[in-house]
Amino acid sequence: MEQFIIEGNRNLSGTIPVSGAKNAILPAMAACLLAPGTSTLHNVPHLIDLKTMSLLLRVLGAKVEMENDVLSIDASHIDSYEAPYELVNKMRASIYVLGPLLARLGIAKVSFPGGCAIGTRPVDLHLMAMEALGAHITVEHGYINAKADKLVGADIYFPKSSVGATINALMAAVLAKGVTSLFNAAMEPEIDATIDFLNLMGAQISGKGTTTLVIEGVEKLHPAEMEMIPDRIEAGTFLIAGALSTNPVTVTNCNPNHLTLPMEKLRASGCELEVENCSITVYPPEIIQPVDIITLPYPGFPTDLQAQFTVLMCLADGISFIEDTIFPDRFAHVAELNRLQADIRVEQNIARVKGVKKLSGAEVMATDLRASAALVLAGIAAEGKTVISRIYHIDRGYDHIEKKLNAIGAKITRS
Ligand code: UD1
0 MEQFIIEGNR NLSGTIPVSG AKNAILPAMA ACLLAPGTST LHNVPHLIDL KTMSLLLRVL
60 GAKVEMENDV LSIDASHIDS YEAPYELVNK MRASIYVLGP LLARLGIAKV SFPGGCAIGT
120 RPVDLHLMAM EALGAHITVE HGYINAKADK LVGADIYFPK SSVGATINAL MAAVLAKGVT
180 SLFNAAMEPE IDATIDFLNL MGAQISGKGT TTLVIEGVEK LHPAEMEMIP DRIEAGTFLI
240 AGALSTNPVT VTNCNPNHLT LPMEKLRASG CELEVENCSI TVYPPEIIQP VDIITLPYPG
300 FPTDLQAQFT VLMCLADGIS FIEDTIFPDR FAHVAELNRL QADIRVEQNI ARVKGVKKLS
360 GAEVMATDLR ASAALVLAGI AAEGKTVISR IYHIDRGYDH IEKKLNAIGA KITRS
């Protein structure tokens, strides 16, 4: 199993580019199932999660090809409706095929996603939305079976903001008969990107950027081509790397509009930021100030940056409180950071981080995608050598993170 060996070094400086957003590409790939023909996605990075989704689409009958950063998906023939356990088990976002399969074939069988390292993650809201659109759902032998002669538009109110359930509902409703309204829909930039892609395919969705989305069902969709949005979580991770450095770091190919709150929190920690159209330069502070954060649905602070921001707070001059309201159990990184001599205590869904003068390199284990990114940042900021095992987690969502960070002065070896 591969590991990262990191020689601590806080002298990062230079320019680091951001890749396309995994969490926008996954739904776009699933959406391709809605229309016969070949759709094309640009700015697609090499990530394990995208390979898993490609594999799943192939199992369903699609042809998927990747050349450089261009992904083509030919969904002319979809001859299976089953998302098997082996793939869903690897990646929860496999549930994104549920809506498109139901809409296109009237039937879907998707393995029930299990638990994961960041706690229980139910899919009840996905199923509630499919049922509201007229699907008959049963759960048997670990599989969700969904059937519908014809989906019919409906008013759907989400009791909780859910990115995944909003996306699945959108993808099912675009081909439903009549009008669907989604209330309390999630409004993450990845939702906007999904709406843009579906509308390019011929869907009629309005309300983008708000929590009420209205979908007028259409008879059929056609293939489309789109440039994928930059990954705001990768951008945020690199900004935090810059904040931990002793020199300025410029993050390029990003969309600063998607990073308003993370930037506000970085400023509060003492960073100066220079914001251009597609880039942000972070000038790190001499003394990092403690800052509290609470993760919330967009435009709140993203839970996917919680672990990385915690690393910054480990070296702050004082105490900060980090609360995760989205995934209350998402603190697996804390025990590992404490092995690097951080001083963090977790009670319920709040971490109390007491800043220390320095972190000290040690052997640690990556537990999930964003926790792994946090450990990489901590390894860079720590004195001495840090060895991170189980780094396959990080390859799920970051394209060659060590190469990108080494290009700005980090010392990370994959072995
Ligand atoms: C997506 C992102 C993930 C991010 C999360 C929150 C992808 C592939 N993943 O995950 O990186 O951390 O948004 O921004 O885009 N919930 C239910 N019932 C459901 C669905 C969700 O109770 O049916 C709960 C979840 O447990 C969680 C909250 O709703 O507490 C938000 O989860 P959701 O937005 O659905 O996250 P994902 O779409 O799984």
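0 is the number of the first residue of the sequence shown in numbering that gives the first Met the number 0; add one for each residue after it.
Note that the Cβ used here is the ideal one computed from N, Cα and C, for glycine as well.
### Query
Is the CB-CB distance between P416 and A234 below 9 Å?
This structure gives no information on residue 416, because the portion of the chain shown stretches from 0 to 414.
### Message
Let me make sure I understand the geometry here. Which of V69, I232 and T51 has the alpha-carbon closest to that of M262?
### Response
Of V69, I232 and T51, the residue nearest in Cα terms is I232.
### Query
Using a threshold of 8 Å, is the CB atom of T302 nearer than that to any non-hydrogen atom of the ligand COA?
In the structure on display, the ligand COA does not appear, and the ligands it does have are the ligand UD1.
### Message
Pairs of beta-carbons, one from the stretch 241-255 and one from the stretch 217-232, closer than 8 Å: are there three or more?
### Response
Yes, the stretch 241-255 touches the stretch 217-232.
### Query
In angstroms, rounded to a whole number, what distance separates the CA positions of Y391 and L339?
Computed Cα separation, rounded: 21 Å.
#### Entry: Heavy atom of the ligand UD1 within 8 Å of P121 beta-carbon
Here the distance from the Cβ of P121 to the nearest heavy atom of the ligand UD1 is below 8 Å.
### Query
Can V453 and I349 be called in contact, C-beta distance under 9 Å?
Any question about residue 453 goes unanswered here, given that the chain covers just 0 to 414.
### Query
Looking at C-alpha atoms only, which residue of V173, M364, A223 and T37 is the closest neighbour of I204?
Among V173, M364, A223 and T37, the Cα nearest to that of I204 is on V173.
### Query
Does DSSP put N144 in a helix, a strand or coil?
Strand.
#### Entry: Where F3 sits in the DSSP three-state scheme
Reduced to three states, the DSSP call for F3 is strand.
### Message
Taking the straight line between their C-alpha atoms, what separation do you get for V290 and I166?
### Response
Rounded to whole angstroms, V290 to I166 spans 32 Å at the Cα level.
### Query
Excluding the five sequence neighbours on either side, which residues of its own chain have a C-beta within less than 6 Å of the C-beta of A134, listed in chain order?
Cβ neighbours of A134 within its own chain (closer than 6 Å, five residues either side excluded): L101, A145 and A147.
### Query
Going by the CB atoms, is the gap between I411 and G378 shorter than 9 Å?
Closer than 9 Å, so yes.
### Message
Spatial neighbours of E1 within its chain, please: C-beta separation below 8 Å, excluding the five flanking residues on both sides.
### Response
Result list for E1: I390, Y391, R413 and S414, in chain order.
### Query
Which residues in the same chain have their Cβ closer than 7 Å to the Cβ of Y397, if we skip the five residues on either side of it in sequence?
Once the five neighbours on either side are set aside, the close Cβ partners of Y397 are E233 and A372.
### Task
With a floor of 3 residues, list each beta strand (DSSP E) that falls wholly inside the stretch 124-204, ordered by position along the chain.
The stretch 124-204 contains these whole beta strand (DSSP E) runs: 135-139, 142-146, 154-156 and 178-182.
### Task
Kindly provide the ranges of any beta strand (DSSP E) runs that are 3 or more residues long and lie completely inside the stretch 350-375, ordered along the chain.
Listed in chain order, they are 362-364.
### Query
Counting Cβ pairs, one atom from each stretch, are 3 or more of them under 8 Å apart for the stretch 65-72 and the stretch 28-47?
Touching, per the Cβ criterion.
### Message
So, does the stretch 259-277 touch the stretch 200-219, judging by three or more C-beta pairs under 8 Å?
### Response
Contact fails: fewer than three Cβ-Cβ distances are below 8 Å.
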